[in-house]
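In this text, residue positions in the sequence shown follow our numbering: the first is 478, and each later residue adds one.
Heads up: the structure comes next, in structure tokens.
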Amino acid sequence: MRKVSAKTSEDQLDRIVSGRNLIAHTGDRRGRGRANIPITEVEADLAIIVEIIDALDRLTAE
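Below you can see the structure in the form of structure tokens.
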């Protein structure tokens with residue numbers, strides 16, 4: 478549905494979840510103290526999440 482290569486969605490979600498876990502459990506995602514998260518990175522991750530949710534909605538609506 479997303480027209481990406483196999484396992485791309487899974488890899489992207491794993492990366493996003495790993496970053497979230499680092500922030501939630503250590504307060505940092507890069508091991509350098511409280512690193513800033515650029516807005517462009519957040520927007521890109523949100524776009525990926527929205528694409529995956531939209532694809533799942535299309536799949537389950539059929």
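C-beta: ideal position from N, C-alpha, C; glycine also.
- For Glu520, the uninterrupted alpha helix (DSSP H) run begins and ends at Ile516 to Ala538, by DSSP.
- Between Ala532 and Glu539, the alpha-carbon positions lie close to 11 Å from each other.
- With distances taken between CA atoms, Asp488 lies nearest to Ile525 out of Ile525, Leu536 and Asp534.
- DSSP places Val481 outside both helix and strand once states are collapsed to three, so it counts as coil.
- Going by beta carbons, Ile493 and Asp522 fall inside the 8 Å limit.
- When DSSP states are grouped into helix, strand and coil, Asn498 belongs to the helix group.
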